[in-house]
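> To start, I am sharing the structure in question, which I have written as structure tokens.
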Amino acid sequence: MGGHEDWHITENGLAQPTDLELVRKARRGDMAAFHGLVARHGLYLYRLAVRLLGNASDAEDAVQETLAGAHRGLKSFGERSSVKTWLTRILVRQSARQLQRRTRRAVVPLQHAQAAPLADSASEGSDVRMDVQAAIEALGGDHRTVIVLRELEGLSYEEISQVLEIPPGTVESRLFRARRQLQDLLREYMD
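Numbers 75 to 265, taken from our numbering, label the letters of the sequence shown in order.
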């Protein structure tokens, strides 16, 4: 422990501890090391939470719960996956719990919303992004999660498999079904 493998060189040439070294230090009670992990991964976790939950307030809560859970679980982190994968796994579980607890809001399903003709204006791109986000939010939890992790966050099938603790074949089939659902929900843009 403490060898050169515990450090990596940043783009500006500075040596920084790896995520794994920060976890090891945090296990020994070094709060600065844990704060280093938060600084390194906090924005990623927040962005992912917004995509999974659909709003900033719920995302902030999910990230706070994720970080609290990670801190409590430092000793149980088995180092079988990357720290980022471990944190992502905790966030995905926390987001799923939050979605289950969330009171159902009155939302007009995308397929029942009145379709407005696409205009050649600057707002068109914004409208399309809003409809795509609404379509993603309309997906079931498992399908929303794999779409966000793959298409928006760029995780590989293997990384998604590790995060969700499911076989890669299950990731592939969920992605197939999720993409098909999205196509159905967004058919008006494809015609």
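C-beta: ideal position from N, C-alpha, C; glycine also. Source: prediction; values computed, not measured.
1. Using the beta-carbon count (16 or more within 10 Å), is Phe-250 buried or exposed?
2. In its own chain, which residues sit with a C-beta less than 8 Å from the C-beta of Lys-158, not counting the 5 before and 5 after it?
3. Would the beta-carbon of Ile-210 be found less than 6 Å away from any heavy atom of the ligand NAD?
4. Would you list the one or two residues that DSSP bridges to Ala-107?
5. When the Cα atoms are used, what is the spatial distance from Asp-258 to Thr-244?
6. Please report the distance separating the alpha-carbon of Gly-152 from that of Trp-160.
7. Taking the Cβ atom as the reference point for each residue, do Ala-107 and Tyr-120 lie within a distance shorter than 7 Å?
8. In chain order, what residues of the same chain have a beta carbon less than 7 Å from the beta carbon of Arg-125, not counting five sequence neighbours either side?
9. Taking the alpha-carbon positions, what's the Leu-229 to Arg-102 distance?
10. Can you list, in chain order, the residues of its chain whose CB lies under 7 Å from that of Val-206, leaving out five sequence neighbours each side?
11. Just how far apart, CA to CA, sit Ala-136 and Gln-168?
12. Give the single residue among Met-105, Gln-255, Leu-213 whose Cα lies nearest to the Cα of Arg-146.
Let me lay it out:
1. It counts as exposed.
2. Excluding sequence neighbours, Lys-158 sits near Asp-93, His-115, Tyr-118.
3. The model on display carries no ligand, and the ligand NAD is accordingly not part of it.
4. None, per the DSSP bridge assignment.
5. Cα to Cα, the separation comes out at about 21 Å.
6. If I take the Cα positions, the gap works out to 9 Å.
7. It is not a contact, given that the beta carbons lie outside the stated cut-off.
8. These residues qualify, in order along the chain: Val-222, Leu-226.
9. C-alpha separation (whole angstroms): 31 Å.
10. Within its own chain, the residues whose Cβ lies closer than 7 Å to the Cβ of Val-206, once the five positions on either side in sequence are excluded, are Leu-260, listed in chain order.
11. For Ala-136 and Gln-168, the distance between alpha carbons rounds to 6 Å.
12. Out of Met-105, Gln-255, Leu-213, Met-105 has the C-alpha closest to the C-alpha of Arg-146.
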